[in-house]
Amino acid sequence: MTFQNNAFVLAADSDEGICKRIADCLSSQHVKTAVALNTQQLVEMLSTLDPHVAIIDYQLLKADNFSLLEIIKKEKLKTQIVVTADTADVKIAVDAIKRGAVDFLAKPFDFTEFESKIIDMLKTSVLGPVPEVFSDNEFSGLYNILKKISTTDNVDSLSTVVFDAMISISGADAGIFHVYNKEKHALVTTREYGNPDKKKIQYIFSDGVHDLIEDFSATSKHSALLFYNNDGNACAYCDTEDVNNVFHEISVPINIGGDRIGVISLFRNREKPGFSGSDLKMIEVVASQAGASAYHAGLYVSINRKIEELMLISNFSEQLMGMVDKYDIIRTLYSATVKYLPIDVIGFLVVQKRAHEFLYWVRNRKDNSRIESICSEVVDAYNKSYSMSVNVKRVLLRTVSLPEIPLTECDTCSNPEFKHILPVAWEDFRFGAFYFESARKLENKAENTALLSNLVNQARIALTNSRLYSDIKENYIRTIKALAIAVDAKDTYTHGHSENVMNIAEEIAREMNLDEKNIGIIRDAGLLHDIGKIGIPGQILNKPGPLTYEEFNGIMKTHSSLGANIVRDVPFLQGLYKLILHHHEHFDGSGYPDGIKGEQIPLGARILHVADAFEAMTSNRPYRTSLGEVEALRRLVSAKSTQFDPAVIDAFLRFAYRKYKIKL
Ligand SMILES: [Fe+2]
Ligand SMILES: [Fe+2]
């Protein structure tokens with residue numbers, strides 16, 4: 134294909150020799166060339182000749198104060214301007230391109246490359262754009278690569294697939310994939326192949342040059358430039374000018390969802406042919422498909438993450454449902470948090486009427502002074518949030534263990550990468566404040582902080598329910614206590630009996646090493662064990678002297694089942710039902726109401742039975758005085774294994790020895 138002298142170039146340079154070389158070079162391609170040796174000639178010839186391409190020395194443009202470029206831009210002349218200069222100064226290149234030039238060439242030229250560049254430009258403006266057609270092989274290779282890219286849904290594997298694809302389709306000898314780190318304003322190498330010339334890349338964005346890797350250009354005379362058009366669209370730039378360079382270079386930006394995330398640069402050895410238009414086109418197609426796939430992969434990852442978060446929150450709320458113990462709630466929150474997030478310290482300042490607590494969990498053992506300083510930071514934050522004045526000296530430090538996550542050895546971190554304090558309250562309830570710390574940097578910090586707030590919010594709802602529940606329970610217990618007092622008052626012989634039984638039963642339970650939860654149940658049952666007497670007629674309860682067979686068996690004995698029925702339908706008193714029902718059963722089965730024996734009788738009921746008997750024998754009744762502790766104990770021991778559980782009697786004897794120094 135030749136231009137048959139219908140292509141027209143203007144060469145403008147004060148150095149006539151250069152103009153002549155340009156004209157000679159282009160005439161071999163049947164391109165007509167006019168020459169301008171100064172600014173005046175340039176202005177005249179540009180407007181009269183209307184060339185396809187004008188190759189203009191930077192000094193001539195500068196002398197004219199760049200008005201020529203403004204005119205071309207304003208009048209939309211077809212002339213494409215290539216600016217030349219004696220130096221490969223990037224600032225001149227950027228300046229010229231910003232003012233409307235399409236390319237920049239540093240003198241002296243390599244005329245072979247100069248010729249091919251100008252001919253390419255003329256092809257577009259004289260003959261119109263030449264459609265890029267891929268060969269069959271290129272097309273099928275490209276098709277396979279695009280298919281692979283579009284089915285990769287993981288950003289990490291995607292970058293490998295794309296990078297490998299670019300190396301393979303371009304036949305590059307080396308390559309490097311830089312990803313832009315916004316925070317550091319620097320490019321980070323993520324993939325590398327061969328021995329790329331790392332020191333030769335600069336990037337030109339529409340707003341100027343960015344040396345994103347500092348030493349890239351500092352030691353280099355020449356740079357491969359990556360251009361962005363004025364409209365913001367990126368295009369690849371192929372550098373083949375510098376003869377001292379051992380590589381042909383090509384760089385292509387990778388954009389994801391409108392963000393430039395990085396650049397892939399490919400290098401081909403100088404002795405091989407430079408990159409062709411078809412190479413460029415294929416690489417641009419791969420880059421654009423990669424961008425689209427990465428965008429979708431990103432969406433896929435973030436949707437998956439959202440689903441996981443929702444699952445976590447939903448499981449967490451489900452676990453909390455019905456949980457009324459605040460320590461259980463706190464422990465559940467800790468477990469959920471450390472399972473999902475790389476959190477290394479969690480703390481909760483529990484603000485209470487009496488002593489406050491700071492419940493903390495640490496992934497690695499930390500010295501106490503570090504925990505103390507965290508606690509004091511949390512107390513400050515709490516006081517500031519609610520204008521309170523919790524005194525840090527009144528806060529007890531208590532560790533929380535999470536069996537599923539064992540502690541690792543000491544790795545004290547006094548400068549954590551992430552810290553978050555969340556005060557927790559609901560209306561008038563001030564629960565305290567949560568603390569989260571991570572020694573590591575959290576990815577997606579904003580999302581993770583939102584997730585933590587969400588979890589804490591769920592915990593806050595559970596803590597509120599727990600507080601309301603314990604308020605209701607407390608009110609109910611208060612009512613029941615009043616009822617127990619009313620019963621004792623009704624039975625004038627047994628004044629204070631219920632409270633005494635409660636205390637004795639608790640001592641026995643502690644002696645038998647029962648857990649706090651069961652001790653609590655036994656205490657409550659002790660207080661309420663005779664609540665059924667509320668339904669026994671006063672004349673029987675207060676009858677001076679022994680009851681008749683009928684009065685005792687027919688009426689008095691019903692008090693245990695009457696009492697059990699009172700608590701049966703109250704949710705948080707249901708645990709007392711069996712203890713109240715069976716507090717008169719005998720170990721050998723001779724008791725009432727069911728005549729069950731041995732371990733068929735709940736342990737709490739066996740304890741109550743001993744406490745009840747001891748209290749009755751040691752208190753003064755109108756018809757008899759107290760038997761005294763020693764005699765009472767003797768009687769208990771004599772009925773060991775028949776009326777009473779021997780293990781309970783033994784425990785009681787141990788307690789009695791400690792308390793009354795009685796040894797039988
Ligand atoms: Fe009783
Ligand atoms: Fe009793």
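Heads up: the sequence shown runs through residues 134 to 797, numbered per this note's numbering.
Heads up, the beta-carbon is just placed ideally off N, CA and C, and yes, glycines get one too.
query	result
How many angstroms separate the CA atom of Y515 from the CA atom of T322?	44 Å
Just how far apart, CA to CA, sit L345 and N328?	Note that L345 has pLDDT 40, beneath the 50 cutoff, so the model's placement of it is unreliable and no number is given.
Look at L741 and H662 and say whether their C-beta atoms are less than 8 Å apart.	yes
Are the Cβ atoms of V396 and I416 separated by less than 8 Å?	no
Contact defined as beta carbons within less than 8 Å: I believe A744 pairs with I637. What is the distance between those atoms, to the nearest angstrom?	4 Å
Following a CB-centred definition, is D657 positioned closer than 7 Å to any heavy atom of ligand 2?	no
E441 bridges to which residues according to DSSP?	In DSSP, E441 forms no bridge with anything.
Is the closest heavy atom of ligand 1 to the C-beta of H717 under 7 Å?	yes
Between which two residues does the beta strand (DSSP E) carrying K552 extend?	551 to 559
Can you find a heavy atom of ligand 2 that lies under 7 Å from the Cβ of H628?	no
Report, in whole angstroms, the separation of the C-beta atoms of F408 and I387, which I expect to be a contact under 8 Å.	No, F408 and I387 are not in contact; Cβ-Cβ is about 17 Å, not under 8 Å.
Between V478 and Y493, how many whole angstroms is the CB-CB distance? I'm expecting something under 8 Å.	7 Å
Restricting to Cα atoms, I'd like to know which of S249, L202, K211 is closest to A234.	L202
Check whether the region 681 to 688 touches the region 729 to 738, counting contact only when three or more Cβ pairs, one atom from each stretch, lie closer than 8 Å.	no
Mind reading off the beta-carbon distance from M635 to R656? Whole number of angstroms is fine, and I expect it under 8 Å.	5 Å
Could you please give me the residues that DSSP links to G480 through a beta bridge?	Y493, Y568
Taking 8 Å as the threshold, find out whether the region 571 to 583 comes into contact with the region 521 to 529 through three or more Cβ pairs.	no
Is it true that the CB of L555 sits closer than 8 Å to the CB of Y467?	no
Within a Cβ cutoff of 7 Å, which residues of the same chain sit near A156, ignoring the five residues on either side of it in sequence?	A144, T166, V168
Taking the C-alpha atoms as reference points, what is the distance between V763 and T470?	57 Å
Between F481 and F567, is the Cβ-Cβ spacing less than 8 Å?	yes
Contact check, A305 vs L413 under 8 Å by CB: the rounded distance?	With a Cβ gap of about 12 Å, A305 and L413 do not count as contacting.
Can you check which of these residues, T220, D243, K224, I389, is closest to L291 by C-alpha distance?	I389
Can you tell me whether R593 is buried or exposed, with buried defined as 16 or more other CB within 10 angstroms of its CB?	buried
Hey, quick one: how far does the alpha helix (DSSP H) through K132 stretch, first residue to last?	Nothing can be reported for residue 132, as the shown portion of the chain is limited to 134 through 797.
Measure the CB-CB distance between V700 and K666 and report whether it falls below 8 Å.	no
By Cβ distance, which residues of its chain are closer than 8 Å to K676, with the 5 residues on each side in sequence left out?	E684
Considering only DSSP beta bridges, list what N675 is partnered with.	Beta-bridge pairing links N675 to no other residue.
By the 10 Å Cβ neighbour count, where 16 or more other Cβ atoms means buried, how is E490 classified, buried or exposed?	buried
How would the residue list near ligand 2 read, in chain order, if you kept each one whose beta-carbon is closer than 5 Å to any heavy atom?	D663, D745
Is the distance from the Cβ of F705 to the Cβ of Q776 below 8 Å?	no
Return the first residue and the last residue of the beta strand (DSSP E) that L529 is part of.	528 to 532
Apart from the five residues just before and just after A420, which ones in its own chain have a Cβ nearer than 6 Å to its Cβ?	V385, I387
Indicate the three-state DSSP secondary structure (helix, strand or coil) for A692 in the structure shown.	For the sequence presented, residue 692 should be read as His rather than Ala. H692: helix per DSSP, three-state reduction.
On the CB-based measure, 16 or more other CB atoms within 10 Å of its CB, does L453 come out buried or exposed?	buried
Around the Cβ of L359, are there at least 16 other Cβ atoms within 10 angstroms (buried) or fewer (exposed)?	Below a pLDDT of 50, predicted positions are generally treated as unreliable, and L359, at 42, falls in that range; the measurement from the model is reported next regardless. It counts as buried.
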